[in-house]
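The structure appears below as structure tokens.
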Amino acid sequence: STSEVYAESDGALREGGPLRAEDGCGRWAYAGSKLAAERRFDRCATLWAEDAAPVHLRFFNVVGPGQDADSGMVLPNFVERARVGAALEVHGDGRQERTFAHVEDVARCLTELLAREHLPAGPLNVGGTAHATIEDLAQLVVERAGSSSPVVRVDPRQSCGAEFEDVRRRVPDLSRLRRLSTCPPSRSLVEIVDDCLAAHPRDTALAAGAGRNVCASPAS
């Protein structure tokens, strides 16, 4: 599943917290489809053995080398732009908060979870502890890349439409994951950024990048 299913919250997002609607439209259609799938699996729980039931993994901002900037995800987009000296565009005031997890750490965590004989049914947050605002992330990418790219603020409503909605804070509560796993993802943001930069060639063309639409999953 995905962390996008959670409604806006000022605190860390718990598995039992408020959720978005299944019939969301625009960028929330993705979240609605994931939530609908969770509920349909839950309704089919009687089809499984008595000690088996669905576990819904809700991932928070999993990033790493090779991630496609065309997806609109914020970190690979920033890395690509910094490598070629293009401006890193930050939506609004740039104070949106996100928490990132390295894909290799997440893979190790999932391997450990799969090795368990039993997992409690229901949702489970899977994420890391590398927390930052989008503005700070942009500045860090520029710094670690040794880039001359400027960081500029843009009004997302001009490029994404007047109905654009952003998420101000997306931070996972990992208490449940920690009780089930000894290796919650914990690589630092500097380590994550450095790994992504090391895997990204400096001469990557940005022919389509300057006009790339990053509205599908802004600041995700």
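The C-terminal position of the sequence shown is numbered 326 in the working numbering, with every residue numbered one higher than the one before it.
Note that the Cβ used here is the ideal one computed from N, Cα and C, for glycine as well.
Where residue i and residue j are concerned, what is the direct C-alpha to C-alpha distance, given to the nearest angstrom?
| i | j | result |
| --- | --- | --- |
| residue 183 | residue 153 | 42 Å |
| residue 127 | residue 112 | 9 Å |
| residue 305 | residue 172 | 7 Å |
| residue 170 | residue 295 | 11 Å |
| residue 168 | residue 233 | 7 Å |
| residue 293 | residue 246 | 15 Å |
| residue 110 | residue 176 | 19 Å |
| residue 221 | residue 215 | 10 Å |
| residue 136 | residue 189 | 30 Å |
| residue 264 | residue 255 | 22 Å |
| residue 270 | residue 236 | 26 Å |
| residue 283 | residue 121 | 10 Å |
| residue 149 | residue 140 | 14 Å |
From the options, pick the residue whose C-alpha is nearest to that of residue i; which is it?
| i | options | result |
| --- | --- | --- |
| residue 194 | 272, 164 and 240 | 240 |
| residue 238 | 220, 180, 307 and 122 | 180 |
| residue 163 | 188, 178, 219 and 118 | 219 |
| residue 243 | 299, 191 and 283 | 299 |
Identify every residue that forms a DSSP beta bridge with residue i.
| i | result |
| --- | --- |
| residue 112 | 125 |
- Would you call the stretch 221-232 and the stretch 159-169 in contact, with 3 or more CB pairs under 8 Å? By the Cβ rule, the stretch 221-232 counts as touching the stretch 159-169, because three or more pairs are nearer than 8 Å.
- Task: Could you say if the stretch 273-292 and the stretch 192-211 meet the contact criterion of at least three C-beta pairs nearer than 8 Å?
- Result: The answer is yes - the stretch 192-211 touches the stretch 273-292, with three or more Cβ pairs under 8 Å.
- Task: Report yes or no: do the stretch 255-266 and the stretch 211-218 share at least 3 C-beta pairs separated by less than 8 Å?
- Result: The answer is no - the stretch 211-218 does not touch the stretch 255-266, with fewer than three Cβ pairs under 8 Å.
- Message: Could you tell me which whole beta strand (DSSP E) segments of length 3 or greater appear in the stretch 132-194?
- Response: The DSSP assignment places complete beta strand (DSSP E) segments of no fewer than 3 residues inside the stretch 132-194 at 161-165, in order along the chain.
- Query: Which runs of the beta strand (DSSP E) fall wholly inside the stretch 250-287 and span at least 3 residues, in chain order?
  - Reply: Every unbroken stretch of the beta strand (DSSP E) spanning 3 or more residues and falling wholly within the stretch 250-287 is given here in chain order: 257-260.
- Item | Runs of beta strand (DSSP E) lying entirely within the stretch 195-234, each at least 3 residues, in chain order | Every beta strand (DSSP E) stretch that sits fully inside the stretch 195-234 and reaches 3 residues is listed by chain position as 203-208 and 228-232.
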